[in-house]
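Asker: Okay, handing you the structure first.
Residue numbers (our numbering): 12 to 205.
Printed below as a string of structure tokens:
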């Protein structure tokens, strides 16, 4: 498990908690206690729970969520202590299931941690790919410039470098014998009239 990603997950959940504690479930979240969090958890799972959320519930409480077992669930009050202290900023829980339940309670997405971690890895892969593409473009541009400099230097050494001239001057040079010899110094050029 990537510890840096887990810390990001916890921080994101705490940030979401700071928003949600002032919201609709103020009574449960503003000054959290184990009893309030237990009752709020039951409310959440009674109304809408995804399969991932149900898995977190089973992993943390070692029982499946069942509407008929509310009294058995009331005995689970101590399981909410790490979540209570996490929301209050007193501790940093290590139990991933407690952290995932905290994410459920503040409706943080993506959850559970495995989904958050997967999303982070995909984002990292996209960044690496984009950096690789940018590096490849920069390398290609550098190679193109190196070739241009090589060709320019080669042309200068052989006396075939270009000079800026007017259109008339270029045409005159093109049709004159001296201009042709300048352009093609190794080839004898003859003009015939006839």
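Glycine is no exception: its CB is placed at the ideal position from the N, C-alpha and C atoms.
If contact is defined by three or more beta carbon pairs under 8 angstroms, each pair taking one atom from either stretch, is the region 35–49 in contact with the region 76–94?
Answerer: yes
Asker: Please return the same chain residues whose Cβ sits closer than 7 angstroms to the Cβ of residue 214, not counting the five positions on each side in sequence.
Answerer: The displayed coordinates of the chain run from 12 to 205. Any statement about residue 214 would go beyond what the structure contains.
Asker: When DSSP labels each residue in this structure, what does residue 87 get in the three-state scheme?
Answerer: For the purposes of this step, residue 87 is identified with residue 76 of the chain shown, where counting begins at 1. Coil.
Asker: In chain order, which continuous runs of the alpha helix (DSSP H) of length 4 or greater are located wholly inside the region 82–141?
Answerer: 92–99, 107–116
Asker: Note down the Cα distance separating residue 70 from residue 109, rounded to an integer number of angstroms.
Answerer: Stepping through the chain shown from its first residue, residue 70 is reached at position 59. Stepping through the chain shown from its first residue, residue 109 is reached at position 98. For residue 70 and residue 109, the distance between alpha carbons rounds to 9 angstroms.
Asker: Skipping 5 residues on each side, what residues in its chain have a beta carbon closer than 8 angstroms to that of residue 51?
Answerer: If you number the chain shown from 1, residue 51 lands on position 40. Around residue 51: 36, 39, 40, 116.
Asker: So what's residue 29 in DSSP terms, helix, strand or just coil?
Answerer: As a first step, residue 29 is located in the chain shown; it is residue number 18 there, counting from the start. In the three-state DSSP reduction, residue 29 falls in the helix class (H, G or I).
Asker: Since I believe residue 114 is in contact with residue 123 (beta carbons under 8 angstroms), could you give me their beta-carbon distance rounded to a whole number of angstroms?
Answerer: By 1-based counting over the chain shown, the position of residue 123 is 112. By 1-based counting over the chain shown, the position of residue 114 is 103. Contact holds; Cβ gap of about 7 angstroms.
Asker: Using a 10 Å radius around the Cβ and a threshold of 16 neighbouring Cβ atoms, would you call residue 82 buried or exposed?
Answerer: Start at 1 with the first residue of the chain shown, and residue 82 comes out as number 71. Per the 10 Å Cβ criterion, exposed.
Asker: Ordered along the chain, which non-local residues of its own chain (more than five positions away) have a Cβ less than 7 angstroms from that of residue 78?
Answerer: Translated into positions along the chain shown, residue 78 becomes position 67. Excluding positions up to five away in sequence, the list reads 57.
Asker: First and last residue of the alpha helix (DSSP H) that includes residue 46?
Answerer: For the purposes of this step, residue 46 is taken as the residue at position 35 of the chain shown. Looking at the DSSP string, the run of the alpha helix (DSSP H) that includes residue 46 is 45–58.
Asker: If you check the beta carbons only, do residue 60 and residue 119 fall under 8 angstroms apart?
Answerer: Start at 1 with the first residue of the chain shown, and residue 60 comes out as number 49. Start at 1 with the first residue of the chain shown, and residue 119 comes out as number 108. Contact: no.
Asker: Using a Cβ-Cβ cutoff of less than 7 angstroms, which residues in the same chain neighbour residue 111 once the five nearest sequence positions on both sides are dropped?
Answerer: Along the chain shown, read from residue 1 onward, the residue named residue 111 stands at position 100. Result list for residue 111: 67, 122, 123, 124, in chain order.
Asker: Buried or exposed: residue 49, going by 16 or more other Cβ atoms within 10 Å of its Cβ?
Answerer: Along the chain shown, one-based indexing puts residue 49 at 38. Classification for residue 49: buried.
Asker: Please identify the residue among 99, 53, 62 whose C-alpha is closest to the C-alpha of residue 80.
Answerer: Start at 1 with the first residue of the chain shown, and residue 80 comes out as number 69. Measuring from the Cα of residue 80, the nearest candidate turns out to be 53.
Asker: Between the alpha carbons of residue 127 and residue 19, how many angstroms are there, rounded?
Answerer: For the purposes of this step, residue 127 is identified with residue 116 of the chain shown, where counting begins at 1. For the purposes of this step, residue 19 is identified with residue 8 of the chain shown, where counting begins at 1. Distance between the alpha carbons of residue 127 and residue 19: 9 angstroms.
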